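Let me begin by presenting the structure, written as structure tokens, before commenting on it.
Chains as they are written, first to last, in the working numbering: chain H, 1 to 213; chain C, 1 to 184.
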């Protein structure tokens with residue numbers, strides 16, 4: 001499964017601060033040639049999911065992973081997204097090998113947040129050759145959200161995520177996964193590909209609720 | 001809130017949660033008629049009275065009550081309602097009540113309905129959720145809401161009376177819906 005062979009790996013993304021571009025299927029060597037914005041760091045109430053470019057390089061080396069970058073004219077990373085398979089010890093891995101993929105991260109640095117870059121990153125994350133054969137999910141843990149930087153309440157932030165992912169075919173789903181249930185504002189959404197067989201959809205339903213028939 | 005919401009219960013029964021709709025009146029009446037009299041005793045209204053139910057449906061679009069139902073096929077198996085005053089000193093408080101069909105009890109359906117009402121309360125910007133439960137009668141519900149971070153805020157001794165005339169304490173369970181985190 002090679003996401004680097006996609007027909008269109010890059011889209012322009014107009015922005016008030018100049019032209020951005022969003023690239024999908026980035027490979028480690030390519031990422032190494034870019035600079036990483038210093039705003040992906042630690043703040044009083046928020047820490048970026050990835051604070052080092054090297055982490056993105058490592059993930060880009062995973063088989064089938066899709067690392068998407070939002071770049072300025074001078075090859076500076078101001079946003080990133082990661083689509084990868086769940087860890088083997090996670091509940092979602094139990095559906096079977098390569099049945100599910102997780103949108104593990106979407107982050108845009110604070111200076112570029114008004115440009116709907118996240119939507120472009122998500123669009124490019126989903127340009128995956130096997131997308132319709134898989135269930136793609138996202139988990140929104142409220143403790144990872146930059147509430148200070150956005151000035152939003154957890155519920156308002158949650159609703160933004162709901163709208164963003166819903167535009168790309170994701171649906172909010174219930175689950176009793178303990179980490180998600182820790183906070184009421186946490187969120188679980190999934191997009192079931194058109195070619196996912198019915199028996200897998202049924203198994204996914206049981207998996208969400210931790211039951212076995 | 002996105003409806004309908006699909007839930008799978010402990011024994012793999014599937015239910016769908018959605019808001020109560022205008023044409024659900026006969027289904028709701030049937031549901032309440034299947035609730036044992038001993039349970040209906042502790043409700044605020046006589047829900048087998050068609051006049052009471054009609055009044056509910058007359059106010060279905062009101063801003064002060066939100067009702068959700070759980071359906072198994074085309075049968076209602078659970079009902080939850082969130083009540084707000086909408087003005088004055090307690091406009092930030094929501095009170096809720098959940099009723100589960102006997103065949104669907106101890107299957108976590110009450111928990112799923114409560115979680116949905118918590119979301120609804122958060123969307124409405126409420127700060128406190130309250131539910132009043134009768135000790136010794138509704139202990140399963142008290143335990144369930146405690147696991148959802150409700151705390152016992154008050155206990156009114158010998159407040160409720162069962163059909164045999166025995167007194168029971170009324171427990172006031174409260175959950176605070178925080179809008180942000182502390183700085184610790």
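Glycine included, C-beta positions come from ideal geometry on N, C-alpha and C. Given the structure is predicted, the values throughout are model-derived calculations rather than measurements.
Positions of the beta strand (DSSP E) runs, each at least 3 residues long and wholly inside the segment 59–125 of chain H, are given as 66–71, 76–84 and 100–108 in order along the chain. For residue 119 (chain C), at least one C-beta of chain H is nearer than 9 Å to its own C-beta. When the beta-carbon positions are compared, residue 136 (chain H) and residue 191 (chain H) come within less than 9 Å of each other.
At a Cβ-Cβ threshold of 9 Å, residue 127 (chain C) and residue 177 (chain C) count as neighbours.
For residue 131 (chain C), the enclosing beta strand (DSSP E) starts and ends at 128–134. Here residue 67 (chain C) carries a strand assignment [DSSP, helix/strand/coil]. Per the DSSP secondary-structure output, residue 151 (chain C) pairs in a beta bridge with C:174. Beta-bridge partners assigned by DSSP to residue 160 (chain C): C:168. Take residue 36 (chain H), set aside five residues on each side of it, and the residues of its chain with a beta-carbon closer than 6 Å to its own are 53 and 77, in chain order. The three-state reading of DSSP puts residue 205 (chain H) in helix, counting H, G and I together. The residue from H:42, H:51, H:44 and H:126 with its alpha-carbon nearest to that of residue 10 (chain H) is H:126.
Only those residues of the segment 164–177 of chain H whose C-beta falls short of 9 Å from the nearest C-beta of chain C are listed: 166, 171, 172, 173, 174 and 176. Put simply, the backbone Cα of residue 62 (chain H) is about 14 Å away from that of residue 81 (chain H).
Note that the C-beta distance between residue 165 (chain H) and residue 103 (chain H) is below 9 Å. Under the Cβ criterion of 9 Å, residue 206 (chain H) is counted among the residues facing chain C. Contact with chain C is found for residue 159 (chain H), since one of that chain's Cβ atoms lies less than 9 Å from the residue's Cβ.
In the structure shown, residue 137 (chain H) falls within a strand segment according to DSSP collapsed to helix, strand and coil. Ranked by how close their Cα comes to the Cα of residue 143 (chain C), the residues C:73, C:13, C:79 and C:173 have C:173 in first place. When DSSP states are grouped into helix, strand and coil, residue 51 (chain H) belongs to the coil group.
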